[in-house]
Amino acid sequence: MTSIRTSSFVSGALALAMLAGVPPAFAEKADRLKKMEIEADQPGKVDIRNRVVTFNGNVVVRQGTMTLHAASITVKEDDQGYQSGVATGGPGGLARFKQKRDGLNEWVEGEARRIEFDGRDSRLRLIGQASTRRLAGNQVADQVTGAQIIYDNALETYTVSGGARAATPENPTGRVRVELSPRKGSQAAQEAEAADAADPAGSAP
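Numbering (my numbering), first residue to last: 52 to 256.
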């Protein structure tokens, strides 16, 4: 397996930002400032002049708590040292990511045919059969599906759009779908847990 650490391109910019008194962030929101490691089954190409890295074949990207799996990925670093990239394909034709939420024992994960990530504004754009989930422990708390989903890690918001590209056998019209659960620890969540315990079979006939 081939591997590379892309932090070697422009590490000085990050050091200067720290010395300039940038206020500290939780590790999760600082993922975009961590070194990025890329592994792949096939030989990759590193273009030092243009600061572009391209890998193919079971690619795994790690940056802080963020992990990205894809068949192919291209990463580019801008003049300020921020890294952005495009990941495509994977098992079932879908690239996948997972990232920890800031200061919580919760994760956000998702998949799409194409995932674009931007370290400058800490956003992920999922395009084509897009789906994301918020996990509280091992339980799915919220789920969003659509043709395109933009996940803003800094603001912790989703923007979702539907259409034909979101169509699946389970959702042939490609409608946007959002499933929300009561916030963990809230009175509504406690009542829901009590109701489930009293009637494990639910309302199914």
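Backbone N, C-alpha and C fix where the C-beta goes; we use that ideal spot for every residue, glycine too.
Values in this document were obtained by computation on a predicted structure and should not be read as measured data.
Short of 8 Å from the beta carbon of Arg171, and not among the five residues preceding or following it, lie these beta carbons of its own chain, in chain order: Arg83, Asp129, Gln131, Tyr133 and Ser135. In this structure Ile89 touches Val112 by the C-beta definition: roughly 5 Å separates them, less than 8 Å. Under the criterion of beta carbons closer than 8 Å, Ala187 and Glu157 qualify as touching, at roughly 5 Å.
For Arg147 against Glu162, the beta-carbon gap comes to about 4 Å, under 8 Å, which counts as contact. The C-alpha of Ile200 is placed about 6 Å away from the C-alpha of Arg176. Taken through DSSP and simplified to helix, strand or coil, Arg174 comes out as strand. Around Asp203, the same chain offers Arg174 as residues with beta carbons nearer than 6 Å, after the five sequence neighbours per side are excluded.
Counting only residues of its own chain and dropping the five nearest sequence neighbours on each side, Gly179 has a CB closer than 6 Å to the CB of Ala163, Arg164, Arg165 and Arg216. Membership of Lys127 in the beta strand (DSSP E) is indicated by the continuous run Met117 to Glu128. Between Thr196 and Ser182, the C-beta gap is smaller than 7 Å, which places the two residues in contact.
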